[in-house]
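Residue numbers (the working numbering), protein chains in the order written: chain A, 1 to 114; chain B, 115 to 229.
Glycine is no exception: its CB is placed at the ideal position from the N, C-alpha and C atoms.
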Amino acid sequence: KNQVEQSPQSLIILEGKNCTLQCNYTVSPFSNLRWYKQDTGRGPVSLTIMTFSENTKSNGRYTATLDADTKQSSLHITASQLSDSASYICVVTSNGGATNKLIFGTGTLLAVQP
Amino acid sequence: EPEVTQTPSHQVTQMGQEVILRCVPISNHLYFYWYRQILGQKVEFLVSFYNNEISEKSEIFDDQFSVERPDGSNFTLKIRSTKLEDSAMYFCASSEVAGDIYEQYFGPGTRLTVT
Numbered sequence: 001k002n003q004v005e006q007s008p009q010s011l012i013i014l015e016g017k018n019c020t021l022q023c024n025y026t027v028s029p030f031s032n033l034r035w036y037k038q039d040t041g042r043g044p045v046s047l048t049i050m051t052f053s054e055n056t057k058s059n060g061r062y063t064a065t066l067d068a069d070t071k072q073s074s075l076h077i078t079a080s081q082l083s084d085s086a087s088y089i090c091v092v093t094s095n096g097g098a099t100n101k102l103i104f105g106t107g108t109l110l111a112v113q114p
Numbered sequence: 115e116p117e118v119t120q121t122p123s124h125q126v127t128q129m130g131q132e133v134i135l136r137c138v139p140i141s142n143h144l145y146f147y148w149y150r151q152i153l154g155q156k157v158e159f160l161v162s163f164y165n166n167e168i169s170e171k172s173e174i175f176d177d178q179f180s181v182e183r184p185d186g187s188n189f190t191l192k193i194r195s196t197k198l199e200d201s202a203m204y205f206c207a208s209s210e211v212a213g214d215i216y217e218q219y220f221g222p223g224t225r226l227t228v229t
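Here's what the structure looks like:
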């Protein structure tokens, strides 16, 4: 069964600190892995997309890594800001059907405190 | 910047009633999707739609659900005979193409509350 698991479930950090969020997946066939940011009551917004051959991708203060062998990914947030408070969702795309199907993780709820 | 819009933002309905959730995808996009997120749970794929027909659907998308593109701009999700467990946030998304790395852009969601 295709699954995406994330840890920790929630995290509290102080403004200015760094943090790393983890994602493990068992999805086949694998197409790509995305990290989304979802503010409360809003739709997910894409941060990064990585294909099988990419090990790392950055978007400003966000850096995602992918190890396709161990089926693990991480999202590192540098110098956190209050506006980073949100749910961060790891999403794996499976291209086994007519269209690419996004398989969502449960998310990590990040709270950045002043 | 173009964005996906959804109406209404919040819909309250009584059990057994029919609801229609509306979405306006980004204008040059050809692929459309509906997702559901029950409070506190993960986002779940419901259905994808291309060229006026369903491309793929999940096991959640049973006969209670239907989708339609009634005109050149709107994309709707109809839920017949709503149940309490249909209460969730419903997200519409669209993409230019369905290729591996093409982005799906999500709307802000409609919160459906079934009482």
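Test: residue i CB closer than 9 Å to a CB of chain B
i               : result
T65 of chain A  : no
R42 of chain A  : yes
T56 of chain A  : no
S46 of chain A  : yes
G60 of chain A  : no
T106 of chain A : yes
I49 of chain A  : yes
Residue from the options with nearest C-alpha to residue i
i               : options                    : result
K197 of chain B : B:V126, B:E117, B:T121     : B:V126
T56 of chain A  : A:P44, A:Q72, A:V45, A:G43 : A:Q72
L47 of chain A  : A:Q3, A:E5, A:D84          : A:D84
R136 of chain B : B:T229, B:S195, B:R183     : B:R183
Q120 of chain B : B:I134, B:F163, B:S195     : B:I134
S28 of chain A  : A:S53, A:Y62, A:R61, A:N95 : A:N95
Q218 of chain B : B:S195, B:H124, B:P139     : B:P139
V4 of chain A   : A:P44, A:G60, A:N59, A:W35 : A:W35
E167 of chain B : B:I174, B:S180, B:A207     : B:S180
N2 of chain A   : A:N18, A:L14, A:Y25, A:I13 : A:Y25
S208 of chain B : A:T40, A:K37, A:V45, A:I13 : A:V45
Alpha carbon of residue i to alpha carbon of residue j, nearest angstrom
i               : j               : result
D200 of chain B : T227 of chain B : 8 Å
A86 of chain A  : L102 of chain A : 20 Å
E170 of chain B : L144 of chain B : 14 Å
K192 of chain B : Y164 of chain B : 17 Å
N188 of chain B : Q9 of chain A   : 36 Å
S53 of chain A  : N18 of chain A  : 26 Å
CB contact check: residue i to chain A, cutoff 9 Å
i               : result
E132 of chain B : no
Q155 of chain B : yes
S162 of chain B : yes
V118 of chain B : yes
E115 of chain B : no
E158 of chain B : yes
E199 of chain B : no
For residue j and residue i, believed in contact at Cβ under 8 Å, the rounded distance
i               : j               : result
G223 of chain B : R42 of chain A  : 7 Å
G16 of chain A  : A79 of chain A  : 6 Å
F205 of chain B : Q151 of chain B : 7 Å
T93 of chain A  : Q6 of chain A   : Actually they are not in contact, since the Cβ atoms of T93 of chain A and Q6 of chain A sit about 16 Å apart, beyond 8 Å.
Problem set entry | Members of the region 173 to 195 of chain B that neighbour chain A once the beta carbon cut-off is set at 7 Å | none
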